[in-house]
Amino acid sequence: MKSLRKKKEIKRVKDSSREDQLNIQKLLKEGWAYCDKTTWRKLSGKTKEKAEEPKEKKSSLTEPTVMGLTQRD
Numbered sequence: 000m001k002s003l004r005k006k007k008e009i010k011r012v013k014d015s016s017r018e019d020q021l022n023i024q025k026l027l028k029e030g031w032a033y034c035d036k037t038t039w040r041k042l043s044g045k046t047k048e049k050a051e052e053p054k055e056k057k058s059s060l061t062e063p064t065v066m067g068l069t070q071r072d
């Protein structure tokens, strides 16, 4: 798949066959340009906003162990 951009419009186009590649060349002549993945994610809304702080990691050392195995209730 290739990402093509024209101003703020984004297209994802297959590029697996010869026909697909010719279609991409046609779009490039019409003013479309290749777009990197980071820009594609921003413009298409695929990025996730990190609104919450990351949760604290629990230390495995605080759990009681016997011979290296964690005890379960």
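Residues 0 to 72 in the numbering used here are what the sequence shown spells out, letter by letter. Every residue gets a Cβ at the ideal spot worked out from N, C-alpha and C, and that includes glycine. Values in this document were obtained by computation on a predicted structure and should not be read as measured data.
| message | Classify residue 27: buried if its beta carbon has 16 or more other beta carbons within 10 angstroms, exposed otherwise. | response | Taking the first residue of the sequence shown as position 1, residue 27 is located at position 28. Exposed is the call here.
| task | Assign residue 2 to buried or exposed, taking buried as 16 or more other Cβ atoms, counted over all protein chains shown, within 10 Å of its Cβ. | result | Start at 1 with the first residue of the sequence shown, and residue 2 comes out as number 3. So residue 2 counts as buried.
| task | Compute the distance between the beta-carbons of residue 31 and residue 5, then report whether it is under 8 Å. | result | As a first step, residue 31 is located in the sequence shown; it is residue number 32 there, counting from the start. As a first step, residue 5 is located in the sequence shown; it is residue number 6 there, counting from the start. Taking 8 Å as the Cβ cut-off, residue 31 and residue 5 qualify as a contacting pair.
| query | Between the C-alpha atoms of residue 18 and residue 24, what's the straight-line distance to the nearest angstrom? | reply | By 1-based counting over the sequence shown, the position of residue 18 is 19. By 1-based counting over the sequence shown, the position of residue 24 is 25. Those two C-alpha atoms are separated by around 10 Å.
| field | For residue 1, three-class secondary structure by DSSP | value | Counting from one through the sequence shown, the residue named residue 1 turns up at place 2. Strand.
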